[in-house]
Amino acid sequence: MTAKLIDGTALSKTLRADVATRAAALTARGHQPGLAVVLVGDNPASEVYVRNKVKACEDNGLFSSYDRYPATMTEADLLARIDALNRDPKIHGILVQLPLPKHIDSHKVIEAIAPEKDVDGFHVANAGALMTGKPLFRPCTPYGVMKMFEAYGIELKGANAVVIGRSNIVGKPMALLLLEANATVTICHSKTRNIAAFTRDADVVVVATGLRNTLTADMVKPGATVIDVGMNRDENGKLCGDVDFANVKEVAGHITPVPGGVGPMTITMLLVNTIEAAERAASNA
Ligand code: GUN
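Reminder that position 106 of the sequence shown reads as 906 in this note's numbering, one-by-one numbering, no gaps.
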């Protein structure tokens, strides 16, 4: 059996067309949606992600500002910049790319972002709102994965879902969104004794560990849906995910490729969250 591919590029294109329509409508009313992207330091992967985010704004009619700061920037200066962006009426979403240099406390930085501009959904107010079932912003990567399930008709109600990885960015919010969709959710992580024992019984597996070959074919139930959040390079420098794609696709029912799976969806949902922030701001104006 060969799994059906879940095409994040194609789905993104459809969703971004709707973003562009909503951005144009807001702009026509004098409320062009605006995203501020802040990068501190010179992590090459972060630079690529951030450039793609800024380009996606330009391509879909959103205003964007891009602040690049050296790794030596002080925490106080970063907090002052966030304060200015919180007050800037042209800016509806603020994204501070993570990870930050070690001398900066990322919790403090995230908590400094106004919750109504926190389009990543990382602020404790937004994490708490998600946990209690009233999300203001859903974190972009798990939100994008939920859109994939919806677009491909993957039934989540009563499904056994396993999330491998427990980060604040992906694993934890992913588990909450699956729970909200009535799946039975298990979170596995680096200290889980036998991950395969959980994944073999799973209808849906989301892998977000940052480690190649975290999920191999022997760990997958035939027909299961496999979502690969990973973005790694193999020994030849080729992009690959956390899933042994070549072998798992022979067992799974649906699978996301890397690249062209979750990656474009993360950026798309950032645009969606920014549009929603701008629409809320415009309705309060
Ligand atoms: N670093 C890796 N993923 C993300 C993300 O979704 N948002 C931010 N701000 N930083 C990240």
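Each residue gets a CB set at the ideal place from its N, CA and C atoms; glycine is no exception.
{"query": "Proximity test, Ser812 beta-carbon vs the ligand GUN heavy atom, cut-off 8 Å", "result": "no"}
{"query": "Thr1009 beta carbon near the ligand GUN (any heavy atom closer than 8 Å)", "result": "no"}
{"query": "Contact test: Cys1040 Cβ vs the ligand GUN heavy atom, cutoff 8 Å", "result": "no"}
{"query": "CB-CB length for Pro915 against Arg938, believed under 8 Å", "result": "With 8 Å as the limit, Pro915 and Arg938 do not qualify as a contact, their Cβ atoms being about 14 Å apart."}
{"query": "Option nearest Leu936 by Cα separation, candidates Gly944, Val919, Met946 and Ile987", "result": "Val919"}
{"query": "Cβ-based burial, Lys917 [other Cβ within 10 Å; buried from 16]", "result": "buried"}
{"query": "Other residues of its chain near Ala1085: CB distance less than 8 Å, five sequence neighbours each side excluded", "result": "His831"}
{"query": "Start-to-end residues for the alpha helix (DSSP H) that takes in Arg851", "result": "Pro844 to Asp859"}
{"query": "Proximity test, Cys940 beta-carbon vs the ligand GUN heavy atom, cut-off 8 Å", "result": "yes"}
{"query": "Gln1129 CB to nearest heavy atom of the ligand GUN below 8 Å", "result": "An answer regarding residue 1129 cannot be provided, because it is not within the stretch 801 to 1085 covered by the chain."}
{"query": "Assigned exposure category for His923 - 16 Cβ within 10 Å defines buried", "result": "buried"}
{"query": "Close beta carbons around Asp1044, own chain, < 6 Å, minus the five adjacent residues each side", "result": "Asn1013 and Thr1016"}
{"query": "Distance between beta carbons of Ala996 and Ala961, contact taken as under 8 Å", "result": "Not confirmed; about 16 Å, so no contact."}
{"query": "Asp1003 burial status per 10 Å Cβ neighbour count (16 or more: buried)", "result": "buried"}
{"query": "Ile882 Cβ short of 8 Å to the ligand GUN heavy atom set", "result": "no"}
{"query": "Selected residue, minimal CA-CA separation from Ala951, among Thr802, Ala876 and Thr814", "result": "Thr814"}
{"query": "Other residues of its chain near Ala912: CB distance less than 6 Å, five sequence neighbours each side excluded", "result": "Leu879 and Ile882"}
{"query": "Thr1066 versus Ala824 - alpha carbon distance", "result": "21 Å"}
{"query": "Euclidean distance between Cα positions of His892 and Leu1070", "result": "12 Å"}
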